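The structure under discussion appears below in the form of structure tokens.
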Ligand SMILES: [Zn+2]
């Protein structure tokens with residue numbers, strides 16, 4: 001079983017990159033590579049999207065909505 005946009009392996013549950021909110025099992029989070037450098041994986045929870053929290057790439061400092 002996989003949740004769209006949030007496939008993870010390992011013991012650590014996925015958490016939002018910016019807010020560190022752990023994604024609920026059924027929460028539709030978004031996982032994508034940094035649009036600027038593509039080196040890092042950005043994780044955004046549905047909650048942070050709803051609140052309009054910006055994310056920041058730890059690699060290149062790119063900030064996005
Ligand atoms: Zn980046």
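Numbering (the UniProt record's numbering), first residue to last: 1 to 65.
Backbone N, C-alpha and C fix where the C-beta goes; we use that ideal spot for every residue, glycine too.
Because the structure is a prediction, the values reported are computed rather than measured.
Assigned secondary structure, residue i (DSSP; H/G/I helix, E/B strand, else coil)
i, result
"residue 47", "helix"
"residue 28", "coil"
"residue 64", "strand"
"residue 22", "strand"
"residue 40", "coil"
Beta-carbon gap between residue i and residue j smaller than 8 Å
i, j, result
"residue 16", "residue 56", "no"
"residue 62", "residue 20", "no"
"residue 71", "residue 38", "The structure shown does not extend to residue 71, since the chain is modelled only from 1 to 65, so the question has no answer here."
Neighbour-count burial assignment, residue i, 16 or more Cβ in a 10 Å radius
i, result
"residue 52", "exposed"
"residue 34", "buried"
Residue from the options whose Cα sits closest to the Cα of residue i
i, options, result
"residue 152", "46, 50, 31 and 41", "Examination of residue 152 is not possible in this model, given that the chain is present from 1 through 65 alone."
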